[in-house]
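Numbered by my numbering, the letters in the sequence shown go through residues 173 to 367 in order. Heads up, the beta-carbon is just placed ideally off N, CA and C, and yes, glycines get one too. Please read all numbers here as calculations on a predicted model, not as lab measurements. Input: a single structure, listed below in structure tokens.
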Amino acid sequence: MPRGKFTNHKGRNRRFTNPEELEEQRRKEEQERRWRKNRGDSSESEDEDEEKSGPSKSKAKGESSESESETESSSEEDENAKAKGVSKLIEIENPNRVQRKAKKLATLNTNLPTSKPELSRREREEIEKQRAQANYQKLHAEGKTEQARADLARLAIIKQQREEAQRRREVEKKGKEDAAKQKTAQTQKALGKKT
Numbered sequence: 173m174p175r176g177k178f179t180n181h182k183g184r185n186r187r188f189t190n191p192e193e194l195e196e197q198r199r200k201e202e203q204e205r206r207w208r209k210n211r212g213d214s215s216e217s218e219d220e221d222e223e224k225s226g227p228s229k230s231k232a233k234g235e236s237s238e239s240e241s242e243t244e245s246s247s248e249e250d251e252n253a254k255a256k257g258v259s260k261l262i263e264i265e266n267p268n269r270v271q272r273k274a275k276k277l278a279t280l281n282t283n284l285p286t287s288k289p290e291l292s293r294r295e296r297e298e299i300e301k302q303r304a305q306a307n308y309q310k311l312h313a314e315g316k317t318e319q320a321r322a323d324l325a326r327l328a329i330i331k332q333q334r335e336e337a338q339r340r341r342e343v344e345k346k347g348k349e350d351a352a353k354q355k356t357a358q359t360q361k362a363l364g365k366k367t
């Protein structure tokens, strides 16, 4: 007995079906079909099974025609072409088995998208961020954003203050010039020069 908690079950208790058992089971099914056919109770599912089983069973019943011989030869060719490895030795019908079909290059090329390749999440987010930034700059330049409105209001206030300051300077400058003219006029008068 192996040590440890878990035991390995690989390679033990494998049971394979005997070919004799398979042959016996096939004979029983064949007898049941004959008995039901004689009674006339053949159901649709059994008819479908007979069609699926192919021409080998129809030969056993003694039915043969040209169409069946053609399908037989084509099915044998298909089986020979598909059979690889152990599958040609053992006939299996697995309903879950998906047979891969050969894909043609033309169909593969049509499936490929000719438009933009798929971008990663980070790349998409970065592109969206750049677009949003450009859109914001455009709206800002047009003066439609709140920040742009606040900036424009601030600029208007500063412009007004500068204009008022310039007016005051001009008034002061004129006042100084007038004062200078008056002073020179008084000094000239005092000296007795006439202008």
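**Asked** Start and end of the alpha helix (DSSP H) containing G347?
**Response** 318 to 363
**Asked** If you draw a straight line from the C-alpha of S236 to the C-alpha of R187, how long is it?
**Response** Any answer about S236 is weak, because its pLDDT of 43 lies below 50 and its placement is not dependable; what the coordinates show is given next. Each residue's alpha carbon lies about 38 Å from the other.
**Request:** Could you have a look at P267 and say whether DSSP puts it in helix, strand or coil?
**Result:** coil
**Message:** In the DSSP assignment, the alpha helix (DSSP H) including H312 goes from what residue to what residue?
**Reply:** 293 to 314
**Item:** First through last residue of the alpha helix (DSSP H) which encompasses L414
**Value:** The structure shown has nothing for residue 414, since the chain only spans 173 to 367.
**Cut-off 7 Å between Cβ atoms - residues of its own chain near T356, not counting five sequence neighbours on either side** = none
**Asked** Which value, in whole angstroms, describes the spacing of the CA atoms of E335 and K353?
**Response** 27 Å
**Request:** Please state whether DSSP places A278 in a helix, a strand or coil.
**Result:** helix
**Request:** Kindly list the residues whose CB is nearer than 8 Å to the CB of L291, restricted to its own chain and excluding five residues on each side of it in sequence; keep chain order.
**Result:** I299
**Message:** Rounding to the nearest angstrom, what Cα-Cα distance links N268 and K209 in this structure?
**Reply:** 31 Å
**Message:** Spatial neighbours of R340 within its chain, please: C-beta separation below 8 Å, excluding the five flanking residues on both sides.
**Reply:** none
**Item:** G315 to A337 span [Cα, whole Å]
**Value:** 27 Å
**Asked** Hey, T372 and L311: beta-carbon distance below 8 Å or not?
**Response** Nothing about residue 372 can be read from this structure; the chain reaches only from 173 to 367.
**Message:** Within a Cβ cutoff of 8 Å, which residues of the same chain sit near D350, ignoring the five residues on either side of it in sequence?
**Reply:** none
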